[in-house]
Amino acid sequence: MDVLSGPAQRTVIDVLMAPSQRLRLKRLFIQYSSKKQESIPLFLSAGLTFPALEDLEVKKYGQTSLALLLQAPSLLRLVLSGSNFELSVPLIVSSLVSVSVVGEPNESAARLLATILCQCPALEHLKWNAPCAALTTCTAKQRPLVPLLKTLRIGGSGDSPHNVLRLLHEDRGHVEPVLDMTVEVYEGMDIVGETLELLQQVFYGTGSLLDLRVDVTEQKVVYTWDLPGLWGALATHFAIDRSLQSLRMRTIEWNLFATGFSQHPPTRLSQVHILLCGGLSSIWDTDSSPHQTCTLSIPNLRRIVLLQSFDSVPVVTRVREILSHIECEVSIRVEVCVFRTRTPATLLDGLADKWILCTNCAHV
């Protein structure tokens, strides 16, 4: 409705408020950015009931307060984007399947989250990127929190991600853990204190860690976590060095993984996917002096998959460099697979005692 103003907007609002439309409306999208759009606040704060409404999305710009006092007993999807919302509790209904909150919805955002977790037993998808203070959920519940939750997306800075996960886990009981979880942290790269506590919350209730993927995109990012510290924390608190079976990494993090593996070798790691996007000696440091390539210790390695990207070095040169800096069990030849490029027959010349091309690569 942001594209409408003045009389045109009031006409649309009048139509939506009329019972003939309001009682059968299924989807409502509102974009609000100005006090001059006075029809929208009046419409949303009128306390009207939309019995058929299933999908409500409100995007708000600026700090002007906006009250959402409507009722939608059949609501399935709720999306709020912006700041300074006033919400009515009846809007958080038990039928909700998907909720997304981005911004600073109101001063009691944590209580809003607690209400969602307590009153939405059908919730399957939750995205929360808003400040969240520490808060204890209601204790009068007769059921575990959001038992059907399948996907969880959390973002924020400071304590917010920790508090969201802590709130979520508080009363979930013996419910299966969330299997699809993304947590974005905007502050801090060291795996100590609050970040370590965040990891403990992320892996709450899970079993052994089997697969690890660390920034597998082809884009070079400015910052990365302290990977040796991350690996050490995962090994110490979650025994990842004794459970991990597959790893996806990039060449530019080679030395970081090598440092972590030197302290806690991954004894069950058998398959590694490596994206070729830079030298092995590249590290995340402001020091411009050259660095030696470290040896990556993977005792139980059985298969290595190499994916060609924007690496400036010829693939044969890079692959042979990688293979020469891997330490693994010498009694078994390890399968090598190279994607996105033709594999020269000479790739493994002089290395065939330790490495063997996969069937597909050998016939290219």
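For the sequence shown, this note's numbering puts the final residue at 563, and the numbers step up evenly by one.
Even glycine gets a Cβ: it sits at the ideal position worked out from N, Cα and C.
What you are looking at is a predicted structure, and each value in this text was computed from that prediction instead of being measured.
Could you tell me the distance, in whole angstroms, from the CA atom of His-490 to the CA atom of Val-401?
Near 34 Å, if we compare the C-alpha coordinates of Val-401 and His-490.
Please list the terminal residues of the continuous alpha helix (DSSP H) segment that includes Ile-239.
Taken as a continuous stretch (DSSP letters only), the alpha helix (DSSP H) holding Ile-239 covers 238-243.
Compare the Cα-Cα distances from Ile-239 to each of Pro-206, Ser-445 and Thr-350 and report the closest residue.
Considering only alpha carbons, the answer is Pro-206.
Hey, Leu-366 and Leu-316: beta-carbon distance below 8 Å or not?
The answer is yes: Cβ separation under 8 Å.
Output the distance between the C-alpha atoms of Thr-485 and Trp-453, rounded to the nearest integer angstrom.
Confidence in Thr-485 is poor, its pLDDT being 46 and thus under 50, which makes the residue's placement unreliable; the coordinate value appears in the next sentence. Near 17 Å, if we compare the C-alpha coordinates of Trp-453 and Thr-485.
Rank Ser-297, Pro-543, Leu-268 and Ser-407 by C-alpha distance to the C-alpha of Arg-467 and give the top, closest one.
Comparing Cα positions, the closest option is Ser-407.
Put Thr-485 into one of helix, strand or coil per three-state DSSP.
Note that Thr-485 scores a pLDDT of 46, beneath 50, so its modelled location is shaky and nothing firm can be said.
Which class does His-524 belong to by DSSP, given the choice of helix, strand or coil?
His-524: coil per DSSP, three-state reduction.
Taking Leu-255 as the reference, which of Leu-227, Gly-261 and Gly-302 has the closest Cα?
Minimum Cα distance to Leu-255 is reached at Leu-227.
In chain order, what residues of the same chain lie with their CB nearer than 8 Å to the CB of Ser-487, ignoring the 5 residues before and after it?
In this prediction, Ser-487 has a pLDDT of 49, which is less than 50 and means its spatial position is unreliable; what the coordinates show is noted afterwards. The answer is none, since no qualifying residue turns up.
Let's see if you can read the secondary structure: which residues bound the beta strand (DSSP E) around Ala-266?
First-last of the beta strand (DSSP E) with Ala-266: 265-267.
Alpha carbons only, please: which of Ser-232, Ala-438 and Val-471 is nearest the one belonging to Leu-506?
Answer by Cα proximity: Val-471.
Between which residues of its own chain and Pro-464 is the CB-CB distance below 7 Å, once the five residues before and five after are set aside?
Taken in chain order, the residues that qualify are Asp-440, Ser-496 and Pro-498.
Cys-319 by DSSP, collapsed to three states: which one?
Coil.
By DSSP, does Cys-538 sit in helix, in strand, or in coil?
Contrary to the premise, residue 538 reads as Phe rather than Cys in this sequence. DSSP places Phe-538 in strand when its eight states are reduced to three.
Under the DSSP definition of a beta bridge, which residues are partnered with Thr-248?
BP columns for Thr-248 point to Gln-270.
Could you tell me which residues DSSP pairs with Asn-328 in its beta bridges?
Its beta-bridge partners are Val-301 and Gly-354.
Please state whether DSSP places Ala-339 in a helix, a strand or coil.
Note that Ala-339 has pLDDT 45, beneath the 50 cutoff, so the model's placement of it is unreliable and the number below is only indicative. Note: Ala-339 maps to coil in three-state DSSP.
So Leu-265 packs on Glu-285, CB below 8 Å; how close in whole Å?
That belief holds up - the Cβ atoms of Leu-265 and Glu-285 are roughly 7 Å apart, short of 8 Å.
Give the C-beta separation of Ala-333 and Asn-362 to the nearest angstrom, bearing in mind that I take them to be a contact with Cβ-Cβ under 8 Å.
Yes, Ala-333 and Asn-362 are in contact; Cβ-Cβ is about 5 Å, under 8 Å.
Please give me, in chain order, every unbroken run of the beta strand (DSSP E) with length at least 3 that falls completely inside the segment 415-475.
Those beta strand (DSSP E) runs which fall completely within the segment 415-475 and span 3+ residues are 445-449 and 470-475.
Tell me the DSSP secondary structure of Asp-201 in three-state form.
Its pLDDT being 47, under 50, Asp-201 is placed unreliably in this model, and the value from its coordinates should be taken loosely. In this structure, Asp-201 counts as coil in the three-state DSSP scheme.
Cβ of Met-324 within 8 Å of Cβ of Val-278?
The sequence given here places His at residue 324; Met does not occur at that position. Cβ atoms of His-324 and Val-278: not closer than 8 Å.
Do Asn-475 and Val-514 have their C-beta atoms within less than 8 Å of each other?
Looking at the sequence provided, one finds Leu at residue 475 rather than Asn. Yes, these two residues count as a Cβ contact at 8 Å.
Terminal residues of the continuous beta strand (DSSP E) containing Ser-280?
Where Ser-280 is concerned, the enclosing beta strand (DSSP E) stretches over 276-282.
Tell me which residue opens and which closes the alpha helix (DSSP H) that Val-363 is part of.
359-368 is the extent of the alpha helix (DSSP H) around Val-363.
Considering only the alpha carbon of each residue, which of Gly-302, Glu-303 and Leu-347 lies closest to Gln-318?
If we check each option's Cα against that of Gln-318, Leu-347 comes out closest.
Grab the span of the beta strand (DSSP E) containing Arg-223 for me, first residue to last.
Per DSSP, Arg-223 belongs to no beta strand (DSSP E) and is neither H nor E.
State the Cα-Cα distance for the pair Arg-517 and Ile-503, rounded to the nearest angstrom.
Their Cα atoms are separated by approximately 14 Å.
Between Ser-480 and Thr-494, which are expected to be in contact by the criterion C-beta below 8 Å, what is the C-beta distance as a whole number of angstroms?
With a Cβ gap of about 12 Å, Ser-480 and Thr-494 do not count as contacting.
Compute the distance between the beta-carbons of Lys-225 and Leu-243, then report whether it is under 8 Å.
No, the pair does not count as a contact, with Cβ atoms beyond the cut-off.
State the Cα-Cα distance for the pair Glu-526 and Lys-349, rounded to the nearest angstrom.
So the two alpha carbons sit approximately 39 Å from each other.
Would you say Tyr-260 and Gly-246 are within 8 Å of each other, going by their C-beta atoms?
No, the Cβ-Cβ distance between Tyr-260 and Gly-246 is not below 8 Å.
By alpha-carbon positions, which one of Phe-249, Pro-427 and Ile-229 ends up nearest to Pro-218?
Ranking Phe-249, Pro-427 and Ile-229 by Cα distance to Pro-218 puts Phe-249 first.
Let me know if Ser-523 comes out buried or exposed under the rule of 16 or more other beta-carbons within 10 Å of its beta-carbon.
Ser-523 should be labelled exposed.
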